[in-house]
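Residue numbers (the UniProt record's numbering), protein chains in the order written: chain A, 1 to 163; chain B, 1 to 163.
Notes follow the structure.
Protein chains: 2
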Amino acid sequence: MEDVLRSLGFLCLGSRMKRIGEQLQADTQRVLDRLDMRIQSSQYPLLAALDRLGPLPVGELAQSLGVAQPGVTRSVALLAELGLVEVNPSEEDQRRRIVSLSRDGRRLVDQAKRDIWPGIENAVADLCADLSGPLLGQLAAIEDRLAATPLHRRAENARVVAP
Amino acid sequence: MEDVLRSLGFLCLGSRMKRIGEQLQADTQRVLDRLDMRIQSSQYPLLAALDRLGPLPVGELAQSLGVAQPGVTRSVALLAELGLVEVNPSEEDQRRRIVSLSRDGRRLVDQAKRDIWPGIENAVADLCADLSGPLLGQLAAIEDRLAATPLHRRAENARVVAP
DNA sequence: CAATGTTATATATCAAGTTATAGACTTATG
DNA sequence: CATAAGTCTATAACTTGATATATAACATTG
């Protein structure tokens, strides 16, 4: 069966990148599920942002993640519910709400940085290894490789190779 | 403000590709809005699939687009509502419902192929022109270029260059 | 050939993004 | 200094993807 998005090339590049991104996220989720993590893969970037940049107001968090503010408001509400982040009003400006990692969130991030993220990063790096040339060709190669060996298998192998 | 997804590299490649895809779709939508098209940019791949492959049952349509079947069922219902596709039960197998372009759908696709898609394709090709090297670098270049000159501006220019 | 299993589609629910807008607070100005 | 304008966050409504499951039609088999 012809892959129409691939055939259409640049015309549907947006749909195609979205599709690849979704598959990567879903595969990553599988890896996390096996490790008994209780949050969605899509929440990690927010936690990583707080880890890298320290406490941030909602708007700057959205900007640093490159998403719209309401999405961050919702994610923050969810993570606060789980006890992974804390939200405090800013002292200088009562409109701003400063988001920071809670103790549990700190622990989760530290564990992820040590035990989980390296494996995922290696798996994705493996997936993209030795790619070069035009973008569309690289995307096709990624799709083919993912179909041949899903990410969670690569994560296992990668973990063996990089202890 | 640091772009966290970019800093995290392979670890968040899925989120990042999704983000780029969404921006491309949104920008494409802007181009279409200006041209008074009444459907969403995300529906075009389905119409293009029917155009390329002819009438197809729902499942094969999903497969050719690389998305899950319920998404196609929903899109088809929407496009049928708009009168752009028709759905008929298969004769051999009463479970299958064959989707095809209606007369209006045919006309829309023909018009799009003639007047609209080339401009979009050129704009995206322009966006990706002269890219080479590692994937992450190309993605960063695309993000930078999109930020500098949004797609709808490129579409205008591309149309002038390629009559 | 009835019962069981399989397949195709529809439906329900969820997730995570979007835009538009409202409400609270801050800043600027006449 | 009161009011107007602006900024920050939350909420509502929508989009578009996903998975899980129900239903209906077909296929197989004891």
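All residues carry an ideal CB built from backbone N, CA and C; glycine is no exception.
Predicted model only: the values in this text are computed from it and were never measured.
Residues of chain B whose Cβ lies closer than 7 angstroms to the Cβ of A:Q63 are, in chain order, M1.
Nearest in C-alpha terms to B:V85, of all of B:F10, B:T73, B:E92, B:E91, is B:T73. DSSP places B:V85 in the uninterrupted beta strand (DSSP E) bounded by 85-89. For B:I142, the enclosing alpha helix (DSSP H) stretches over residues 135-148. Between the region 47-59 of chain B and the region 31-47 of chain A, the count of C-beta pairs closer than 8 angstroms stays below three; the two stretches do not touch. For B:I120, the enclosing alpha helix (DSSP H) has its first and last residue at 117-127. Leaving aside the five residues that flank B:S75 on each side, the residues in its chain whose CB is nearer than 7 angstroms to its CB run, in chain order, Q43, L46. Listed by position along chain A, the residues whose Cβ is nearer than 9 angstroms to that of B:M37 form an empty set, because the closest Cβ is around 14 angstroms away. Contact annotation: the region 6-16 of chain B touches the region 130-142 of chain B, with at least three C-beta pairs closer than 8 angstroms. Using a Cβ-Cβ cut-off of 8 angstroms, A:L53 counts as an interface residue toward chain B, since at least one Cβ of chain B sits closer than that to its own. Under the three-state reduction of DSSP, B:P45 is assigned to helix.
Here A:L101 carries a strand assignment [DSSP, helix/strand/coil]. From the listed residues B:V67, B:R153, B:S100, B:E91, the smallest Cα separation to B:G83 is found for B:S100.
With contacts defined by Cβ atoms closer than 8 angstroms, B:S15 and A:G21 form a contacting pair.
DSSP places A:L35 in the coil class of the three-state scheme, outside both helix and strand.
Of the residues assessed, A:E2 falls on the exposed side of the cut-off, its CB having fewer than 16 other CB atoms within 10 angstroms. The closest CA to that of B:L24, considering only A:V31, A:C12, A:A148, is found on A:C12.
Within the same chain, and ignoring the five residues on either side of A:L131 in sequence, the residues whose Cβ sits closer than 7 angstroms to its Cβ are Q138, A141.
For B:Q69, the enclosing alpha helix (DSSP H) covers residues 69-81.
Contact of B:S15 with chain A by beta-carbon distance below 7 angstroms involves G21, Q25, S42, P45.
When secondary structure is reduced to three states using DSSP, A:L108 falls in the helix class.
The C-beta of A:L8 comes closer than 8 angstroms to at least one C-beta of chain B. Counting only Cβ-Cβ distances below 9 angstroms, A:T149 has no contacts in chain B at all, with the closest Cβ about 16 angstroms away. Within the same chain, and ignoring the five residues on either side of B:L151 in sequence, the residues whose Cβ sits closer than 6 angstroms to its Cβ are D27, A123. The three-state secondary structure of A:L131, taken from DSSP, is coil.
Interface annotation, A:G66: in contact with chain B, CB-CB separation under 8 angstroms.
The secondary-structure analysis by DSSP pairs A:P57 across a beta bridge with A:I98. Sequence-distant partners of A:P118 (beyond 5 residues in either direction) whose C-beta falls short of 6 angstroms from its own C-beta are missing from its chain.
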